[in-house]
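Numbering (the working numbering), first residue to last: 9 to 233. All C-beta atoms, glycine included, are put in the ideal place defined by N, C-alpha and C. Okay, structure first, notes after.
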């Protein structure tokens with residue numbers, strides 16, 4: 009057994025990537041591999057977007073042959089070289105002893121693991137990304153008729169988490185927000201990341217970076233089961 013193969017069987021990300029690269033580099037596909045606890049992630053970066061069905065089958069078979077101990081989930085990401093957006097994600101689980109297709113977790117990011125779990129553990133960067141995405145999505149759903157066309161509709165969200173588990177979210181926008189309704193919708197989203205580390209959220213709004221933020225609502229989060 010070569011050293012690279014031995015390391016790959018132990019779950020070494022660089023060794024796994026090196027083995028796959030021998031087959032995929034000639035096809036114009038670069039391979040990156042990352043591991044997070046029981047999850048192994050494979051990113052396929054192609055000149056053209058890699059074929060999802062073909063590459064998912066190839067990678068899952070190869071990882072299955074390696075029989076890496078402690079790896080229970082395989083996530084495969086495909087994208088075009090030079091772009092940041094992921095074009096597709098395939099996920100597999102070997103909970104039954106063999107790799108079976110499963111639904112990918114939309115909260116998973118290549119190289120960073122499951123963003124929901126990171127948030128629940130108090131990772132402030134992950135919390136910031138999760139909250140910003142939730143705020144932007146909610147504002148994008150506001151009916152255009154409610155928007156003052158003379159004002160910019162840009163939005164930014166800033167977060168802070170204290171030792172007592174209070175998450176402070178400050179939304180900076182000149183967009184009109186229906187406070188109670190928006191707070192309820194955002195609170196529902198943030199319940200996803202509720203944990204002993206994040207127990208309450210205080211939602212503020214300000215129009216500009218220099219404006220004094222005002223409290224919209226403070227809420228107790230309810231962990232989802």
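Applying the criterion that 16 or more other CB atoms from any shown protein chain within 10 Å of the CB defines a buried residue, is residue 87 buried or exposed? As a position in the chain shown, residue 87 is number 79, starting the count at 1. Its Cβ being crowded by 16 or more others within 10 Å, residue 87 is buried.
Taking 8 Å as the limit between beta carbons, can you name the residues of its chain near residue 217, skipping five residues before and five after? Locating residue 217 in the chain shown gives position 209, counting from the first residue. These residues qualify, in order along the chain: 180.
Secondary structure at residue 138, three-state DSSP: helix, strand or coil? As a working note, residue 138 is residue 130 in the chain shown. Helix, per DSSP.
Pull the bridge partners of residue 49 from the DSSP assignment, please. Translated into the one-based positions of the chain shown, residue 49 becomes position 41. DSSP, once it has assigned bridges, lists 42, 83 as partnering residue 49.
Distance, residue 227 Cα to residue 208 Cα: For the purposes of this step, residue 208 is taken as the residue at position 200 of the chain shown. For the purposes of this step, residue 227 is taken as the residue at position 219 of the chain shown. Residue 208 and residue 227: Cα-Cα distance of roughly 6 Å.
Classify residue 151 as buried or exposed, calling it buried when 16 or more other Cβ atoms lie within 10 Å of its own Cβ. Within the chain shown, the letter at position 143 stands for residue 151. Confidence at residue 151 is low in this model, with a pLDDT of 48, below 50, so the placement of that residue is unreliable and no value is reported for it.
Inter-residue spacing [alpha-carbon to alpha-carbon] between residue 12 and residue 97: Counting from 1 along the chain shown, the entry for residue 12 is found at position 4. Counting from 1 along the chain shown, the entry for residue 97 is found at position 89. So the two alpha carbons sit approximately 27 Å from each other.
Name the two residues that bound the continuous alpha helix (DSSP H) containing residue 167. What you label residue 167 is simply residue 159 of the chain shown in a count that begins at 1. No alpha helix (DSSP H) holds residue 167; the beta strand (DSSP E) holding it covers 163 to 169.
In angstroms, rounded to a whole number, what distance separates the CA positions of residue 47 and residue 198? As a position in the chain shown, residue 47 is number 39, starting the count at 1. As a position in the chain shown, residue 198 is number 190, starting the count at 1. Cα to Cα, the separation comes out at about 24 Å.
Could you tell me how far apart the beta carbons of residue 76 and residue 52 are, in whole angstroms, since I believe they sit closer than 8 Å? Taking the chain shown and counting its residues from 1, the one referred to as residue 76 is at position 68. Taking the chain shown and counting its residues from 1, the one referred to as residue 52 is at position 44. The C-beta distance from residue 76 to residue 52 rounds to 18 Å, too long to meet the 8 Å contact threshold.
Looking only at its own chain, which residues have a Cβ that is under 6 Å from the Cβ of residue 29, when we skip the five neighbours before and after it? Locating residue 29 in the chain shown gives position 21, counting from the first residue. 39.
Does residue 24 pass the burial test, meaning 16 or more other C-beta atoms within 10 Å, or should it be called exposed? Along the chain shown, one-based indexing puts residue 24 at 16. Buried, since its Cβ has 16 or more Cβ neighbours within 10 Å.
Which residues mark the beginning and the end of the alpha helix (DSSP H) in which residue 197 is found? Residue mapping note: residue 197 aligns to position 189 of the chain shown, counting from 1. Membership of residue 197 in the alpha helix (DSSP H) is indicated by the continuous run 187 to 198.
Could you tell me if residue 191 is buried or exposed, where buried requires 16 or more neighbouring beta carbons within 10 angstroms of its beta carbon? Mapped onto the chain shown, residue 191 falls at position 183. Buried, because 16 or more other Cβ atoms sit within 10 Å of the Cβ of residue 191.
Quick one: does the C-beta of residue 187 sit closer than 6 Å to a heavy atom of the ligand HEM? This structure lacks the ligand HEM; in fact it carries no ligand of any kind.
Supposed contact pair residue 147 and residue 183 - C-beta distance, whole angstroms, cut 8 Å: Numbered from its first residue, the chain shown carries residue 183 at position 175. Numbered from its first residue, the chain shown carries residue 147 at position 139. That pair is a contact at about 6 Å.
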